[in-house]
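Keeping their order, the protein sequence lines are chains A and B.
Position in the first sequence (from 1) plus 597 gives the number in this note's numbering.
Position in the second sequence (from 1) plus 597 gives the number in this note's numbering.
Backbone N, C-alpha and C define an ideal beta-carbon position, used for all residues, glycine too.
A quick note: this is a predicted structure, and the numbers were derived from the prediction, not measured.
Data block below; observations after.
Number of protein chains: 2
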Amino acid sequence: MPKTKTAPNARSDTAVRILDLAERLIQTRGYSAFSYQDISEALGITKASIHYHFESKTDLGIAVIERYTEGFGKELQRIAANENASSLAMLDHYTKPYLQFAESPDRVCLCGALAGEVMALPPQLRERVERFFTDHQAWLTSILKRGVARGEFELAAPAPKTARAIFGALQGALLVKRATGDVSQLRDVVAVMKAQLSPA
Amino acid sequence: MPKTKTAPNARSDTAVRILDLAERLIQTRGYSAFSYQDISEALGITKASIHYHFESKTDLGIAVIERYTEGFGKELQRIAANENASSLAMLDHYTKPYLQFAESPDRVCLCGALAGEVMALPPQLRERVERFFTDHQAWLTSILKRGVARGEFELAAPAPKTARAIFGALQGALLVKRATGDVSQLRDVVAVMKAQLSPA
DNA sequence: GTCTATACAAAGATAGAC
DNA sequence: GTCTATCTTTGTATAGAC
């Protein structure tokens, strides 16, 4: 029998290429500033074809965010599941995607980019961006608490506040990096963060 | 003789109201997502009238940024000019505008908002946003150095790096605040920053 | 799944009257 | 300085053929 390559939620090649490009466009130019035409020209297909895969721009936006947050979310689970790892190593893993964005001159966190225009987004997108923020801060909070419980961290402020500060510093560093081209800042922020969490 | 109220660079009342609203719209929705129509409806004048005051959207954007950066810039000069002030007090003054933005649920720094969509901006806007970032980081650097020279600060990293970290943390905190509604973070970030700069 | 063709609205902008 | 009217281009979206 012919092998079926259709997994439960499989997406066609084209759909994936559209998602990839849309994600990049949102990260570099923002949601409001990209259009089906941009994608159409870059991929060599018509706007109508894109509508076949994603009925509306809002739908496309939702799909991009969900793929991104789910991918990131699984990574968080994977990191936290490794119970032998030190809490510092876990935090270290968390920062890896940010450091990767920092490598390229014009990319930031997808949700960081969207946060800059959150009031202009369709509600379905806004909700998801806000959820990304709260989820990540919750995750960071749990890792910080774990570190304290294991004697690996010493916090100057309650875990939730420290988590928000770390998250905000990472997002802010990406913003600054893109505006001024300073790639080193991300690494510096991570280094400072680690130094400050270590017990005296 | 009739008193002339026309100062050298005076702007008409309407022009100022347009600028005020445009600034707010950029801060809350972004540059790409606001239109002359938004302004027209809110102020009760036609789009054509707005074009009379600002020939193009780019011109309006430039005017908004320049007013903002000049106002902020003068404040920086004023702060630094008070030679008796402690360096900590100077830093404290610097954070005031950020704390004010944090009061409102949906405002961020104008240039922070624009930084999220720099790649989509007309070059004249992009330049000015980048300059805002480098100017502010340079100013912070000079204050940090002053503090070190006067024995008021003790830095864990070179002044320019520390300045970038502070600036990034402030911008990031505003971003997070708007996405999650947590107004306290700005204050926390400022408090942590001050604590970390104080000599042992 | 992709195309052509088209609809429809919005955005940015201009001309010219008042 | 503001208006009406209009123009052009772009953006989003749909219908229907292939």
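Residue i (DSSP reduced to helix, strand or coil)
| i | result |
| --- | --- |
| residue 800 of chain B | With chain B running from 598 to 797 in the structure shown, residue 800 of chain B is simply not present. |
| residue 623 of chain B | helix |
| residue 798 of chain A | Lying outside 598 to 797, the shown extent of chain A, residue 798 of chain A is not represented and no answer is given. |
| residue 602 of chain A | Only weak support exists for where residue 602 of chain A lies, its pLDDT of 45 falling under 50; the coordinates are left without a value. |
| residue 773 of chain B | helix |
| residue 642 of chain A | coil |
| residue 614 of chain B | helix |
| residue 785 of chain A | helix |
| residue 794 of chain A | helix |
| residue 757 of chain A | helix |
| residue 587 of chain A | No statement about residue 587 of chain A is possible, as the shown extent of chain A runs from 598 to 797 and does not include it. |
| residue 732 of chain A | helix |
| residue 747 of chain B | coil |
| residue 661 of chain A | helix |
| residue 752 of chain B | coil |
| residue 637 of chain B | helix |
| residue 778 of chain B | coil |
| residue 607 of chain A | coil |
| residue 762 of chain B | helix |
| residue 629 of chain B | coil |
Anticipated Cβ contact below 8 Å, residue i with residue j, distance rounded
| i | j | result |
| --- | --- | --- |
| residue 765 of chain A | residue 770 of chain B | 4 Å |
| residue 840 of chain B | residue 745 of chain B | The structure shown does not extend to residue 840 of chain B, since chain B is modelled only from 598 to 797, so the question has no answer here. |
| residue 788 of chain B | residue 740 of chain B | The pair is not a contact, with the Cβ atoms about 18 Å apart (cut-off 8 Å). |
| residue 773 of chain B | residue 768 of chain A | 7 Å |
| residue 625 of chain A | residue 703 of chain A | 5 Å |
| residue 691 of chain B | residue 620 of chain B | Not quite, the Cβ-Cβ distance comes to about 20 Å (not below 8 Å), so this is no contact. |
| residue 760 of chain B | residue 738 of chain B | 4 Å |
| residue 670 of chain A | residue 732 of chain A | 7 Å |
| residue 647 of chain A | residue 707 of chain A | In fact, because the Cβ distance is near 19 Å, the residues do not count as touching under 8 Å. |
| residue 792 of chain A | residue 797 of chain B | Not quite, the Cβ-Cβ distance comes to about 14 Å (not below 8 Å), so this is no contact. |
| residue 710 of chain B | residue 730 of chain A | No, residue 710 of chain B and residue 730 of chain A are not in contact; Cβ-Cβ is about 17 Å, not under 8 Å. |
| residue 627 of chain B | residue 627 of chain A | 6 Å |
Are at least three pairs of beta-carbons, each pair with one atom in the region 658-667 of chain A and one in the region 604-622 of chain A, less than 8 Å apart? yes
Taking only runs that begin and end inside the region 674-730 of chain B, name each unbroken alpha helix (DSSP H) of 4 or more residues, in chain order. 684-700, 707-712
Should the region 780-792 of chain B be called in touch with the region 711-728 of chain B, which here means at least 3 C-beta pairs below 8 Å? no
Would you say the region 635-646 of chain A touches the region 691-699 of chain A, given that touching needs at least three Cβ pairs under 8 Å? no
Is the region 703-721 of chain A touching the region 621-634 of chain B, taking contact as three or more C-beta pairs under 8 Å? yes
Report yes or no: do the region 677-689 of chain A and the region 746-754 of chain A share at least 3 C-beta pairs separated by less than 8 Å? yes
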